[in-house]
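Note that full-length UniProt numbering has the sequence shown beginning at 1, numbered continuously upward.
The C-beta atom is built at its ideal place from N, Cα and C for all residues, glycine as well.
Owing to the predicted nature of the structure, the values given are computational and were not obtained by experimental measurement.
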Amino acid sequence: MTTDAHRLLADLRVATLARIAQLDDEMADLRADRAIDSADDEHDPEGVTLSGEWSLLAGLRDEASRTLGEIDLALARVADGTYGTCVDCGRAIPDARLRARPTALRCVACAERAGQ
Numbered sequence: 001m002t003t004d005a006h007r008l009l010a011d012l013r014v015a016t017l018a019r020i021a022q023l024d025d026e027m028a029d030l031r032a033d034r035a036i037d038s039a040d041d042e043h044d045p046e047g048v049t050l051s052g053e054w055s056l057l058a059g060l061r062d063e064a065s066r067t068l069g070e071i072d073l074a075l076a077r078v079a080d081g082t083y084g085t086c087v088d089c090g091r092a093i094p095d096a097r098l099r100a101r102p103t104a105l106r107c108v109a110c111a112e113r114a115g116q
């Protein structure tokens, strides 16, 4: 599972970095749109305002950054041999859980106790 896990995590890392780059591009475009049209968009009856769109993109970028951190931590655990071991109880995390959530730090029982 370790080699497969490393490959999966590396692929997830590449995809997450691409997602971050895409969001950065969208935020740059939005920033440019804001500079061109500095009208008061808070009262725009057309729907989502530039501010609302910015908040959405910023939230998505923050989530992608958190995901990248989780992936990097999982890759470090693969490298040091602790991947797949619950950080709380020390038991093996079932392969099914790791396939469903490759960045899992805890087994299901410990994750439930931790409120995750």
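{"Item": "Span of the alpha helix (DSSP H) around Gln-22", "Value": "2-36"}
{"Item": "Buried versus exposed, by CB contacts within 10 Å (16 or more), Ala-74", "Value": "buried"}
{"Item": "8 angstroms Cβ shell around Leu-68 - same chain, five flanking residues per side excluded", "Value": "Arg-13, Thr-16, Leu-17 and Ile-20"}
{"Item": "Residue burial classification, Ile-36 (beta-carbon count within 10 angstroms, cutoff 16)", "Value": "exposed"}
{"Item": "Beta carbon of Ala-79 nearer than 8 angstroms to that of Ile-93", "Value": "no"}
{"Item": "Near the ligand COA: Glu-70 beta-carbon under 7 angstroms from a heavy atom", "Value": "Of ligands this structure carries none, so the ligand COA is not represented either."}
{"Item": "Beta bridge counterpart(s) of Thr-85 as assigned by DSSP", "Value": "Ala-92"}
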